[in-house]
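Colleague:
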């Protein structure tokens with residue numbers, strides 16, 4: 083399971099011809115400022131460390147804050163998530179935070195699936211809501227799954243054996259994460275200051 087190598091190398095050549103320093107190019111830095119990636123990563127690491135996750139109420143509030151401030155999450159999904167967390171009973175908030183804690187620091191699959199199951203109770207099991215915090219907490223290893231981008235990458239780069247479904251699944255997440263992490267190893271490091279940025283590069287190369 084891999085991206086078409088010829089298309090990947092051609093995308094690299096074209097991108098570096100326009101932006102020789104990759105994401106360190108002045109033009110890309112200007113574009114990147116609206117995503118405030120460094121600030122969001124710093125916030126995620128402070129708010130969702132193992133110690134921070136011991137405070138259930140604060141962590142639940144911080145989940146809402148980071149989703150609300152994220153440029154990667156659709157403005158249509160933010161209020162739904164905020165209201166959902168607000169309505170949760172204390173024991174349900176504990177379940178939510180424990181699921182996130184497992185996803186970030188423990189048994190990832192059980193945390194991922196618990197988070198999906200809880201969000202699905204109000205039809206909020208969206209890829210963006212499940213993957214955004216891991217993507218900020220561990221930006222060099224985890225991935226943000228944006229449906230249009232993920233489907234576009236699979237189609238444009240002729241990826242076989244990875245089937246996108248609207249409901250988040252651990253199987254797809256692992257496959258997509260491996261796809262991104264393997265692909266970036268084959269290209270100039272300036273194209274992947276984070277996995278979110280690398281996905282942005284792939285998205286731009288499809289246009």
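In my numbering, the protein residues as written are 83 to 289. Glycine is no exception: its CB is placed at the ideal position from the N, C-alpha and C atoms.
One question on the structure: do residue 181 and residue 197 come within less than 8 Å of each other, judged by their Cβ atoms?
Modeller: Yes.
Colleague: At a cut of 8 Å, does the segment 131 to 146 reach the segment 167 to 182 through at least three beta carbon pairs?
Modeller: Yes, the segment 131 to 146 is in contact with the segment 167 to 182.
Colleague: Between the alpha carbons of residue 108 and residue 200, how many angstroms are there, rounded?
Modeller: Roughly 42 Å between the two C-alpha positions.
Colleague: Leaving aside the five residues before and after residue 178 along the sequence, list all residues of the same chain whose C-beta is less than 8 Å from its C-beta, in chain order.
Modeller: If we look at residue 178 and ignore the five residues flanking it on each side, its Cβ neighbours are 142, 145, 167, 170, 197 and 200.
Colleague: Can you grab the Cα-Cα spacing for the pair residue 289 / residue 222, in whole Å?
Modeller: Their backbone Cα atoms lie some 24 Å apart in a straight line.
Colleague: Given a cut-off of 8 Å on the beta-carbon distance, is the pair residue 261 and residue 83 in contact?
Modeller: Contact flag set, yes.
Colleague: Between the segment 234 to 253 and the segment 84 to 93, do at least 3 Cβ pairs fall closer than 8 Å?
Modeller: Touching, per the Cβ criterion.
Colleague: CA-CA distance, residue 94 and residue 111?
Modeller: The alpha-carbon atoms of residue 94 and residue 111 are separated by roughly 18 Å.
Colleague: On the criterion of 16 or more Cβ atoms from any shown chain inside 10 Å, does residue 253 qualify as buried, or is it exposed?
Modeller: Exposed: under 16 other Cβ atoms inside 10 Å.
Colleague: Report the rounded CA-to-CA distance for residue 264 versus residue 230, giving the unit in angstroms.
Modeller: Each residue's Cα considered, the two are about 21 Å apart.
Colleague: Please identify the residue among 98, 96, 215 and 245 whose C-alpha is closest to the C-alpha of residue 278.
Modeller: The residue with the shortest Cα to Cα distance from residue 278 is 215.
Colleague: Comparing alpha-carbon positions, which option in 267, 202 and 186 lies nearest residue 129?
Modeller: With distances taken between Cα atoms, residue 129 lies closest to 186.
Colleague: How is residue 89 classed by DSSP in three states: helix, strand or coil?
Modeller: Note: residue 89 maps to helix in three-state DSSP.
Colleague: So residue 209 packs on residue 227, CB below 8 Å; how close in whole Å?
Modeller: 4 Å between Cβ atoms; contact.
Colleague: Going by Cα to Cα distance, which pick from 284, 251, 157 and 283 is closest to residue 192?
Modeller: Minimum Cα distance to residue 192 is reached at 251.
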